[in-house]
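Structure, as structure tokens:
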Amino acid sequence: DNEIATFVIGLANLTIVNIFGEAPGDMDDIIQTAVHALLRMKCAKLNPSVKFVHQNIKAVSNKTDTGRQKFLEKLDKATRNAAKQEKVEDKYQSFSSVIKFDEKSDIYGFPCVWKGDQPMAPVNPGYCEAAQVLKSAVIEAVEAKKEICTLSQVQSHVEDLWKAVLADDFVFSFKNTVE
361 DNEIATFVIG LANLTIVNIF GEAPGDMDDI IQTAVHALLR MKCAKLNPSV KFVHQNIKAV
421 SNKTDTGRQK FLEKLDKATR NAAKQEKVED KYQSFSSVIK FDEKSDIYGF PCVWKGDQPM
481 APVNPGYCEA AQVLKSAVIE AVEAKKEICT LSQVQSHVED LWKAVLADDF VFSFKNTVE
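Every number in this note's numbering is 360 more than the matching position in the sequence shown, counting from 1.
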């Protein structure tokens, strides 16, 4: 999972991590994998951004500070674990030390897509509103990055990234191809 996540996050300037439901075990696995991949990108001197989408939760409020704080604590714990695995724990103790991250603008809560019981339930308007807010944030983030690569640069980046991930000596081999 870490290798695939590293490859996918390495390709993107912006990654949307979709967490479905409230099961803590599933959420922790997804967070750990994503944070590990982001930490590898940081070690390779790449700076992708990330948006977390937490779907299908009962009480959705993008203004809930306690929920955001708990989520940030999970990100910090995952960062410490990933940093320990990569042997850079002295450098990275919090998620915000890995990437530029604002828990108020980079975490999105989505209610259930259906309002009521299926199969005849209508679409929840809150879901549509949350999707529109996320869409606007993604477009804004993409427009803020003015870097445009040629097709040959993208091809070279994909090849170098794939070779680095397969070699499992990720940081050193990838660093050499980027710099």
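A virtual CB, placed ideally from N, CA and C, is assigned to each residue, including glycine. The structure presented is a predicted model; accordingly, all values stated were derived computationally and were not measured.
Residue i: first and last residue of the uninterrupted beta strand (DSSP E) it sits in
| i | result |
| --- | --- |
| GLN486 | A small fix is needed here, since residue 486 is Gly in this sequence, not Gln. No beta strand (DSSP E) holds GLY486; the alpha helix (DSSP H) holding it covers 485–504. |
| GLN415 | 409–415 |
| TYR452 | No beta strand (DSSP E) contains TYR452, which DSSP labels as neither H nor E. |
| ILE467 | 467–469 |
Length of the line joining the Cα atoms of residue i and residue j
| i | j | result |
| --- | --- | --- |
| VAL377 | VAL410 | 7 angstroms |
| THR426 | GLU433 | 10 angstroms |
| SER516 | ILE508 | 14 angstroms |
| LYS475 | VAL413 | 19 angstroms |
| ALA443 | MET480 | 47 angstroms |
| PHE455 | GLY469 | 19 angstroms |
| VAL458 | ASN407 | 9 angstroms |
| VAL525 | PRO482 | 44 angstroms |
| SER496 | ALA527 | 38 angstroms |
| THR439 | THR393 | 10 angstroms |
| PHE380 | ILE364 | 19 angstroms |
| ASP520 | VAL395 | 21 angstroms |
| GLY385 | ASP477 | 26 angstroms |
| ASP436 | LYS405 | 20 angstroms |
Simplified DSSP state of residue i, which is helix, strand or coil
| i | result |
| --- | --- |
| LEU374 | strand |
| THR366 | helix |
Run of the alpha helix (DSSP H) containing residue i, from where it starts to where it stops
| i | result |
| --- | --- |
| TRP522 | 511–527 |
Per DSSP, cross-strand counterpart(s) of residue i
| i | result |
| --- | --- |
| ILE379 | HIS414 |
Beta carbon proximity, residue i to chain B, threshold 8 angstroms
| i | result |
| --- | --- |
| LYS444 | Reference to chain B is not applicable here, since this structure consists of a single protein chain. |
Open item on the list: Taking contact to mean 3 or more Cβ pairs, one atom from each stretch, closer than 8 angstroms, check whether the region 440–451 and the region 393–403 are in contact.
Closed with: With a cut-off of 8 angstroms, the region 393–403 and the region 440–451 count as touching, because enough Cβ pairs lie within range.
Task: the region 494–503 in contact with the region 365–375 per 3-pair CB rule at 8 angstroms - done: These segments touch.
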